[in-house]
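Take the sequence shown: its position 136, counting from 1, is numbered 143 in my numbering, and each next residue is one higher. Working notes, structure below.
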Amino acid sequence: MQFNVVLNQVIILFIILAIGYVAGKFNILDSNGTKKLSEILLYISTPMMIFNSFFIDFSQERLVNTIWVIGFTTFMFIVSITLSKLIYGKFNERTAPVLRFTAIFSNCGYIGLPLMRAVFGEEGAFYGSFYIVLFNVFLWSYGYMMFGGKDTKAKTLKRVLLSPAIIAVYIGTIVFLFSIPIPSTIKGAIKAVGDTTMPLSMLIVGGVISTARLVTLFNDWKVYLSSIVRLILMPALAFLIALLVGVPYLPAAVTVTALAMPAAANATIFSEMFGNDAVFASKCVAVSNLLSIITAPVLISWVASFV
């Protein structure tokens, strides 16, 4: 049953991606369009979706589970960073940062969080929001510097602490901890805007993929290696560690789901910024998105079967 739930959700994602692809091919969704949609996603819909996930009652169990998510997520980022160095240490200087980045950073927010919400409910999205906090901390510090960014510590800290998603977590945490009542009309508006995150994200991915010739996406073995590490090795390793350590079900499921998502689009953005192989990065992101249609339902259902 759980496999069907996940599969149906992923198929929905794929259909929306296909719509974005067609829109891109017919120039309905051009590069300017995807850029504007990305801004809406970053500054409006994703923060609203995160904030909406905090509209649940406070409990001691949820507080303990949140601590588990923070601890386990931090540990898995350290594991991912270490493994990425071991696997890709001897690759050339233009592709190595891309491959290491795709091993460490998944699309846990734009695709992962809506999927967590669909499969594990609002509580799953609540825990997923804390994964995103740590994702942003590592992304704008280690991930940024890995490509050659040399911001001061103050600028790095500012970028991490003032990102829209993190601000939504700040406000949401206060609402959650102090059980601050929010009028139903405001909740409804926030939820409605947050619900646009998933379709917007997949339309953007489809639009970006439409700019590349599909045949060229699959002619580089390193792209396949990137997807295997991102979509299979990292989430499977996290799940096995969770079983050995005894991580509670929902914190483990949310962390594994986040790690089972395709490569983060920032791989392409950072590659363009710092002169790495942006075309190769876009291939890794696109192929991992396509292959996740197969791998994500299997891995997430595997995790869910241990409830």
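Glycine is no exception: its CB is placed at the ideal position from the N, C-alpha and C atoms.
Problem set entry | Reference N34; option with closest CA among V310, G213, I193, Y151 | G213
For this session: Identify, in the order they occur along the chain, each residue of the same chain with its Cβ nearer than 6 Å to the Cβ of K290, setting aside the five sequence neighbours on each side.
Result: L224, V230
For this session: Report the rounded CA-to-CA distance for K198 versus I51, giving the unit in angstroms.
Result: 12 Å
For this session: Starting from I173, trace the alpha helix (DSSP H) both ways and give me its first and last residue.
Result: 171-184
For this session: Identify every run of the alpha helix (DSSP H) within the segment 44-80, keeping only runs that are complete inside it and at least 4 residues long; order them along the chain.
Result: 53-59
Exercise. With distances taken from CA atoms, which of N11, I118, A175, F287 is nearest F62?
Worked result: A175
Exercise. Over what stretch of residues does the alpha helix (DSSP H) that includes F133 continue unbroken?
Worked result: 120-145
Problem set entry | Local Cβ density within 10 Å of V71, reported as buried at 16 or more and exposed below that | Counting Cβ neighbours within 10 Å, V71 comes out exposed, since fewer than 16 surround it.
Exercise. Pairing CB atoms from the segment 166-184 with CB atoms from the segment 138-146, are three or more of them under 8 Å?
Worked result: yes
Problem set entry | Contacts around G40, its chain only, beta-carbon distance under 6 Å, and the 5 residues preceding and following it disregarded | none
For this session: Let me know if A196 comes out buried or exposed under the rule of 16 or more other beta-carbons within 10 Å of its beta-carbon.
Result: exposed
Exercise. Under three-state DSSP, which class holds A267?
Worked result: Coil, per DSSP.
Problem set entry | Selected residue, minimal CA-CA separation from T102, among M209, P121, G282, L247 | G282
For this session: Over the uninterrupted alpha helix (DSSP H) stretch that includes L297, give me the two end residues.
Result: In the DSSP assignment, L297 falls within the unbroken alpha helix (DSSP H) covering 285-311.
Exercise. The alpha helix (DSSP H) spanning E279 covers which residue range?
Worked result: 273-281
For this session: For S234, name the three-state secondary structure that DSSP assigns.
Result: helix
For this session: Starting from the Cα of R69, find the closest Cα among E129, T81, V236, K162 and give me that residue.
Result: E129
Exercise. Does the segment 239-254 come within contact of the segment 172-187, defined as at least 3 CB pairs closer than 8 Å?
Worked result: no
Problem set entry | Local conformation of S191 per DSSP, three classes | helix
For this session: State yes or no: is the C-beta of F154 within less than 7 Å of the C-beta of P104?
Result: Contact: yes.
For this session: Look at the Cβ atom of Y138, then the Cβ atom of C115, and state whether they are nearer than 7 Å.
Result: yes
For this session: Return yes when the Cβ of T262 is within less than 7 Å of the Cβ of A245, no when it is not.
Result: yes
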